[in-house]
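Structure record follows, encoded as structure tokens.
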Amino acid sequence: MQQDDVEIIERETCFSGFYQLDRLQLRHRQFAGGMGPQLSRELFVRHDAVCVLPYDPQHDVVVLIEQFRIGALEKSTNPWLLELVAGLIDKDEQPEEVARREAVEEANLTLSSLWPITQYYPSPGGSDERVHLFVGRCDSQGAGGVHGLAEEGEDIRVHVWPLEDALDAVKDGRIDNAASIIALQWLALNRAEVRGLWS
Numbered sequence: 630m631q632q633d634d635v636e637i638i639e640r641e642t643c644f645s646g647f648y649q650l651d652r653l654q655l656r657h658r659q660f661a662g663g664m665g666p667q668l669s670r671e672l673f674v675r676h677d678a679v680c681v682l683p684y685d686p687q688h689d690v691v692v693l694i695e696q697f698r699i700g701a702l703e704k705s706t707n708p709w710l711l712e713l714v715a716g717l718i719d720k721d722e723q724p725e726e727v728a729r730r731e732a733v734e735e736a737n738l739t740l741s742s743l744w745p746i747t748q749y750y751p752s753p754g755g756s757d758e759r760v761h762l763f764v765g766r767c768d769s770q771g772a773g774g775v776h777g778l779a780e781e782g783e784d785i786r787v788h789v790w791p792l793e794d795a796l797d798a799v800k801d802g803r804i805d806n807a808a809s810i811i812a813l814q815w816l817a818l819n820r821a822e823v824r825g826l827w828s
């Protein structure tokens, strides 16, 4: 991108709380050449996120968490979603630190290694959030129960599933959120290499 490919005419903050909503007036260069018309766009300003799929290579099982999600309330028959361990980078922390901290807080798990999968924008049409996605090596023996930080209202149930069962849940739609689908499919494609290095 060249410096003059995007012209920000005005930017205002419409709401600022845990998240922030900005409205931008802008123009950008078009593929045919020249600048396009002025556009008005709202931008959901979010902290970047970290998602990690805890994986026990010895037993070929994954650890998933289940919790209530407001975004699924009106578009799903069940707003308690099966997901990855996740958290926001809202302090001066590296993504790897967040992954390890959240694994303890949400699943009572210690991750002995982290394998970076990718970084991606989950919804770049209206949000600036970027997700750092990992697989984390864990020992699943004894994993389970309900965890989370009481002061944050977290109520998180931990599940230990054979990887094949988790992949079946992706196939039949029981697991229907992007980070979980991406991480599980990545692990399915790279399982032999991961187990070879981590077992």
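So that you can map any letter, position 190 of the sequence shown is 819 in our numbering, and since no number is skipped, the others follow by simple counting. Here a beta-carbon is modelled for each residue, glycine too, at the ideal position from N, C-alpha and C.
8 Å Cβ cutoff met for residue i and residue j
i, j, result
"residue 713", "residue 809", "yes"
"residue 738", "residue 788", "no"
"residue 756", "residue 673", "yes"
"residue 669", "residue 654", "yes"
"residue 699", "residue 735", "no"
"residue 821", "residue 691", "no"
Buried versus exposed, by CB contacts within 10 Å (16 or more), residue i
i, result
"residue 663", "exposed"
"residue 686", "buried"
"residue 792", "buried"
"residue 752", "exposed"
"residue 666", "exposed"
"residue 765", "buried"
"residue 769", "buried"
"residue 729", "buried"
"residue 731", "buried"
"residue 866", "Residue 866 cannot be examined here, being either before or after the span of the chain that is shown, 630 to 828."
"residue 826", "exposed"
"residue 816", "buried"
Inter-residue Cα distance where the pair is residue i and residue j
i, j, result
"residue 772", "residue 744", "20 Å"
"residue 824", "residue 716", "26 Å"
"residue 813", "residue 776", "22 Å"
"residue 839", "residue 697", "No answer is possible for residue 839: it lies beyond the span of the chain, which begins at 630 and ends at 828."
"residue 689", "residue 797", "15 Å"
"residue 656", "residue 749", "24 Å"
"residue 790", "residue 767", "13 Å"
"residue 727", "residue 778", "15 Å"
"residue 633", "residue 702", "42 Å"
"residue 754", "residue 671", "9 Å"
"residue 631", "residue 640", "20 Å"
Minimum Cβ-Cβ distance from residue i to chain B less than 8 Å
i, result
"residue 720", "The structure shown contains no chain B; it is built from a single protein chain."
(request) State whether the stretch 649-661 contacts the stretch 676-685, with contact taken as three or more CB pairs (one from each stretch) at a distance under 8 Å. (result) no
(request) Flag this pair as touching only if the stretch 746-762 and the stretch 670-678 have three or more C-beta atom pairs under 8 Å; answer yes or no. (result) yes
(message) Give the list of continuous beta strand (DSSP E) stretches no shorter than 3 residues that lie fully inside the stretch 659-741.
(response) 668-674, 678-685, 690-697, 709-712, 714-717
(request) Assess, as a yes-or-no matter, whether the stretch 719-729 is touched by the stretch 795-805 under the definition of 3 or more beta carbon pairs within less than 8 Å. (result) no
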